[in-house]
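First the structure, in the form of structure tokens, and then the observations on it.
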């Protein structure tokens, strides 16, 4: 049940009836008609922009349209009031029975309440994390992992066919640096002093890699030139790093569907095939780029290069795909990788990148537009930095990692659920402060505690009701006399629950899972407010002397619990039974 969608259908039906009656001209485009919560809750329960968006195409004053529409809407038994305000805004008030019936619908539907068919089964690929396989994931990867996984869950909940994908950047020079760093730990495992020179990875996490290399090779690689061992050690160390990354992701509750390798694109003809496809479109040429304004990017050379005409698809400048020496640029394998995604039949691509990848956005959108003939949509989400605090001070680096705080540092400190929720309390493109002390506070200022406390209170109500011999199964609660939910505070909570299906669709359309976290905090706030009012007004308490009255009130609490459970499921957070 989506009450806002149902009321929009009513509004559209009545507009069509006005057209049939000749009050409105025929042929009006009603796609822009919306029904949504009013900006000021004092104006009503819902508002429609119908008169404002139709006034110009209809050649009528918006107020005249609003008044005609209001008269028809008042004939619907759900509508208690339809008030025209200002030049033509139309505010609606529903009868209490509409909100009481929504509580019943939540209980009958369970955590499926709010699920949507918006995606219509379209296939979407969500690529996220994609960290270099050179060490443990740092706190920036945590945020990207949480945003990507929550977005995948949200889109699946809203009707998309979702694939989670990790692109292993194992084709560049950084994996050679990993191999050389691991080799020094291999020497250390064989009793020699490691030479962790500048440019190598110094973290202790490579000590087990060195020991594993010794277990496999013994001393046979010692004093050998790197032309002998580099390839084998690179493959061995990369495999161990990816195993560690998979374990870290699992600790955060993230499971990938696909792992793709950059290295697998080289020497297979896939890069050449992608470039040839673009060449066949007239989008590959030999040329010299103009010097860039300001700081010169790494891929600019003042000489003839092979270029992709990305300006034909909205980019600011054309992009090099092959250097003058015949080697591929970093962009070339990315072209092949995204061509592979297009060929796999995805309808939409979403990439979750770090903020330092902002310069890649336009070129990737351009190449996907070209390779898919504008069929495949691309959305690139940039993840801003996370600043860690503890004891009022910036949190120090991890000794194990050598240079940064790892994903495991964060999860081991506060747990996966707290980590995930807090990482979604800001939009992805806004920097986030993660204070280890504050995220564990038991206060309203800690959103994860506040939402989990609401979940625990719902379970406490159900537990106490059972102890009192009251049947609180969902089927029984759904058939309670919900007309007993008549106070303004109770109806207010039900109205907030009505927003959930609409919120899901808005968040899914915008690829914005943080909206779910914001909404859950609002639901928890309204529920805690109702609970607290019961301290002063006994009639608002959930357990009453009359079991029938209790069941009606408990039905509302249980509906809150259902929605919180569904929302936390999208965030990848487990609801708590009780606070400890």
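In the working numbering, the protein residues as written are 467 to 1046. We put the beta carbon where it would ideally sit given N, CA and C, even for glycine.
Just reading off the beta strand (DSSP E) that residue i is part of, what are its end residues?
{"i": "residue 577", "result": "Per DSSP, residue 577 belongs to no beta strand (DSSP E) and is neither H nor E."}
{"i": "residue 900", "result": "898–901"}
{"i": "residue 772", "result": "771–774"}
{"i": "residue 546", "result": "545–551"}
{"i": "residue 848", "result": "843–849"}
Please work out which residues of its chain come closer than 7 Å, Cβ to Cβ, to residue i, disregarding the five sequence neighbours upstream and downstream, and give them in chain order.
{"i": "residue 557", "result": "504, 509, 510, 513, 549 and 551"}
{"i": "residue 842", "result": "808, 812, 813, 814, 815 and 834"}
{"i": "residue 992", "result": "958, 959 and 962"}
{"i": "residue 947", "result": "1014 and 1018"}
{"i": "residue 749", "result": "774, 775, 778 and 836"}
{"i": "residue 703", "result": "644, 645, 648 and 675"}
{"i": "residue 725", "result": "632 and 634"}
Please classify residue i: does DSSP put it in a helix, a strand, or coil?
{"i": "residue 1033", "result": "helix"}
{"i": "residue 626", "result": "coil"}
{"i": "residue 809", "result": "helix"}
{"i": "residue 814", "result": "strand"}
{"i": "residue 597", "result": "coil"}
{"i": "residue 741", "result": "helix"}
{"i": "residue 725", "result": "strand"}
{"i": "residue 757", "result": "coil"}
{"i": "residue 785", "result": "strand"}
{"i": "residue 746", "result": "helix"}
{"i": "residue 690", "result": "coil"}
{"i": "residue 634", "result": "strand"}
{"i": "residue 667", "result": "coil"}
{"i": "residue 607", "result": "helix"}
{"i": "residue 585", "result": "coil"}
{"i": "residue 705", "result": "helix"}
{"i": "residue 489", "result": "coil"}
Where does the unbroken alpha helix (DSSP H) through residue i begin, and where does it stop?
{"i": "residue 918", "result": "913–933"}
{"i": "residue 974", "result": "966–976"}
{"i": "residue 640", "result": "640–655"}
{"i": "residue 557", "result": "Here residue 557 belongs to no alpha helix (DSSP H); instead the beta strand (DSSP E) covers 555–560."}
{"i": "residue 852", "result": "No alpha helix (DSSP H) contains residue 852, which is instead part of the beta strand (DSSP E) from 852–856."}
{"i": "residue 996", "result": "980–1002"}
{"i": "residue 522", "result": "516–524"}
{"i": "residue 883", "result": "882–889"}
{"i": "residue 680", "result": "673–683"}
{"i": "residue 485", "result": "469–486"}
Using only the alpha-carbon positions, how far apart do residue i and residue j sit?
{"i": "residue 739", "j": "residue 802", "result": "8 Å"}
{"i": "residue 609", "j": "residue 849", "result": "7 Å"}
{"i": "residue 795", "j": "residue 737", "result": "11 Å"}
{"i": "residue 774", "j": "residue 734", "result": "21 Å"}
{"i": "residue 478", "j": "residue 555", "result": "16 Å"}
{"i": "residue 978", "j": "residue 744", "result": "32 Å"}
{"i": "residue 658", "j": "residue 797", "result": "40 Å"}
{"i": "residue 559", "j": "residue 950", "result": "19 Å"}
{"i": "residue 643", "j": "residue 782", "result": "33 Å"}
{"i": "residue 699", "j": "residue 638", "result": "15 Å"}
{"i": "residue 709", "j": "residue 620", "result": "27 Å"}
{"i": "residue 728", "j": "residue 634", "result": "6 Å"}
{"i": "residue 416", "j": "residue 594", "result": "The structure shown does not extend to residue 416, since the chain is modelled only from 467 through 1046, so no value can be given for it."}
{"i": "residue 902", "j": "residue 572", "result": "36 Å"}
{"i": "residue 677", "j": "residue 652", "result": "6 Å"}
{"i": "residue 607", "j": "residue 530", "result": "55 Å"}
{"i": "residue 590", "j": "residue 617", "result": "11 Å"}
{"i": "residue 546", "j": "residue 899", "result": "45 Å"}
{"i": "residue 528", "j": "residue 481", "result": "13 Å"}
{"i": "residue 755", "j": "residue 786", "result": "9 Å"}
{"i": "residue 722", "j": "residue 981", "result": "23 Å"}
{"i": "residue 648", "j": "residue 613", "result": "32 Å"}
{"i": "residue 910", "j": "residue 919", "result": "10 Å"}
{"i": "residue 474", "j": "residue 520", "result": "15 Å"}
{"i": "residue 941", "j": "residue 600", "result": "53 Å"}
{"i": "residue 934", "j": "residue 924", "result": "16 Å"}
{"i": "residue 793", "j": "residue 800", "result": "14 Å"}
{"i": "residue 685", "j": "residue 671", "result": "21 Å"}
With a CB to CB cut of under 6 Å and the five nearest residues on each side skipped, what residues in its chain are close to residue i?
{"i": "residue 515", "result": "500"}
{"i": "residue 1016", "result": "936, 1009 and 1010"}
{"i": "residue 467", "result": "571"}
{"i": "residue 915", "result": "908"}
{"i": "residue 569", "result": "948, 960, 1021, 1022 and 1025"}
Starting from the C-beta of residue i, find all residues in its chain whose C-beta is less than 8 Å away, skip the five residues before and the five after it, and write them out in chain order.
{"i": "residue 912", "result": "904, 905 and 906"}
Quiz item: Taking contact to mean at least 3 C-beta pairs separated by less than 8 Å, is the segment 986–1000 in contact with the segment 928–943?
Solution: With a cut-off of 8 Å on Cβ pairs, the segment 986–1000 is not in contact with the segment 928–943, counting fewer than three such pairs.
Self-check item: Contact the segment 977–996 vs the segment 487–498: 3+ CB pairs below 8 Å
Solution: no
Practice problem: Could you tell me whether the segment 1017–1034 touches the segment 579–587, using the rule of 3 or more Cβ pairs below 8 Å? | Solution: yes
Self-check item: Given 8 Å, three or more beta-carbon pairs between the segment 966–974 and the segment 892–899
Solution: no
Self-check item: At least three beta-carbon pairs within less than 8 Å, the segment 715–726 to the segment 875–885
Solution: Touching, yes, given that three or more Cβ pairs across the two stretches are closer than 8 Å.
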